[in-house]
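Quick note on the working numbering: the sequence shown kicks off at 289 and runs consecutively.
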Amino acid sequence: MAKIMVFDHPLIQHKVSLMRDKNTTSKEFRHLAREVAMLMAFEVTRDLPTMDVEIETPICKTTVKKLAGMDVAVVPILRAGLGFVDGMLEIIPNAKVGHVGLYRDPETKEPVEYYCKLPEDIDKRRVIIVDPMLATGGSAIAAVDFVKKRGGKDISFMCLIAAPEGIDALEKAHPDVDIFIAAKDEKLNENAYIVPGLGDAGDRIFGTK
289 MAKIMVFDHP LIQHKVSLMR DKNTTSKEFR HLAREVAMLM AFEVTRDLPT
339 MDVEIETPIC KTTVKKLAGM DVAVVPILRA GLGFVDGMLE IIPNAKVGHV
389 GLYRDPETKE PVEYYCKLPE DIDKRRVIIV DPMLATGGSA IAAVDFVKKR
439 GGKDISFMCL IAAPEGIDAL EKAHPDVDIF IAAKDEKLNE NAYIVPGLGD
489 AGDRIFGTK
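Below, the structure written as C-alpha cells:
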C-alpha cells in the first residue's frame, strides 16, 4: 500500500507560502523551489538502505553507516519539474536524471507524451518523479506509466502542491507509488487548476506566460 505524506515542517510551509504570493519574482520562485526540494528530499530518501562500514577517525577506528549502494534516479516531468532537480541533486549528487515530457491537451485535459529519456538502468534505481503540481493526476499517472513500461519498479512521486482529486487518482492508478506533498490544497476549479494553488508553476519558474 502506498504511503501518502503531506509535510508539516514549518520551513517547508513558510517557503510554499512565499511561492504562492503572486508578487514573488521568477528568480525568487526558482530559489524557493530548489530549497523546498532539498528539504523534501530528506524525507523522500528516508528509507534508503544503509550498511555498516569500518573507518578510522582522527581518534580511533569505529563502525559507521553509509548508503548501501541503492542508486537513485530523479525524473522531472517537463518542464516545471526541472525546478526541483537542482535541489534534489544537492542532496543526492550521484543521482542520474531522466526526463518525461508531457503537456495537457486544453480540450480533453488528458496528458500527451512528447519526450521520454530515462537512465538505461532505471530498473535498478529508486525512481523519484518530481513535478510541482498534482492537479487532475493525469500527468503524474502517465509519467509513472512511462517509467514502469521502461522497467522502473521502485517509484515515488514528489510534488509541491496537490489537489485531493489528483491524490485520489494517482493512488487509485498506482497504489504502489508513495506520494510526497508539500501542501494539500482545497480543490480543482472548472479549468482544472488547483485552488488556492500558485498559478502555473512552469510560467513562474521560467518567467513565461
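Beta carbons: idealized from backbone N, C-alpha and C, even for Gly.
Note that the structure is predicted; figures quoted are calculated from it, not measured.
Spatially closest choice to residue i from the options, by CA coordinates
i: Leu320; options: Glu331, Arg308 and Phe330; result: Arg308
i: Met421; options: Asp393, Gly487, Asn382 and Met376; result: Gly487
i: Tyr403; options: Lys349, Ser305 and Val388; result: Val388
i: Ile300; options: Pro452, Thr312 and Arg322; result: Arg322
i: Leu390; options: Lys384, Phe295, Gly425 and Lys460; result: Gly425
Terminal residues of the beta strand (DSSP E) in which residue i lies
i: Glu331; result: Premise fails: Glu331 lies in the alpha helix (DSSP H), Ser314 to Val332, not in any beta strand (DSSP E).
i: Val450; result: The question names Val, yet the displayed sequence has Ala at residue 450. Note, Ala450: beta strand (DSSP E), Asp442 to Ala450.
i: Val465; result: No beta strand (DSSP E) contains Val465, which DSSP labels as neither H nor E.
i: Gly389; result: His387 to Arg392
Run of the alpha helix (DSSP H) containing residue i, from where it starts to where it stops
i: Ile365; result: Looking at the DSSP string, Ile365 is not in any alpha helix (DSSP H); the run it does join, the beta strand (DSSP E), is Asp359 to Leu366.
i: Leu306; result: Pro298 to Arg308
Integer Cβ distance of residue i from residue j, believed to fall under 8 Å
i: Val415; j: Asp433; result: In fact, because the Cβ distance is near 13 Å, the residues do not count as touching under 8 Å.
i: Gly375; j: Ala329; result: 7 Å
i: Ala325; j: Gly490; result: Incorrect: roughly 15 Å between the Cβ atoms, too far for contact.
i: Ile417; j: Arg438; result: Actually they do not touch by this definition, with Cβ atoms about 12 Å apart.
i: Ile365; j: Ser427; result: 6 Å
Distance between residue j and residue i (C-alpha atoms, nearest Å)
i: Asp340; j: Asn382; result: 20 Å
i: Ser314; j: Asn479; result: 23 Å
i: Glu401; j: Glu453; result: 21 Å
i: Asn477; j: Ile379; result: 35 Å
i: Gly371; j: Arg318; result: 6 Å
i: Ser305; j: Thr312; result: 10 Å
i: Ile493; j: Val435; result: 25 Å
Within-8 Å CB hit, residue i to chain C
i: Glu342; result: Looking at the structure shown, chain C is missing, and only one protein chain is on hand.
For the structure I just gave you, are there three or more beta carbon pairs, one from the region 470 to 488 and one from the region 448 to 456, closer than 8 Å? Yes, the region 470 to 488 touches the region 448 to 456.
For the 8 Å Cβ check, are there 3 or more pairs between the region 405 to 413 and the region 337 to 357? no
Between the region 459 to 470 and the region 338 to 351, are three or more C-beta pairs nearer than 8 Å? no
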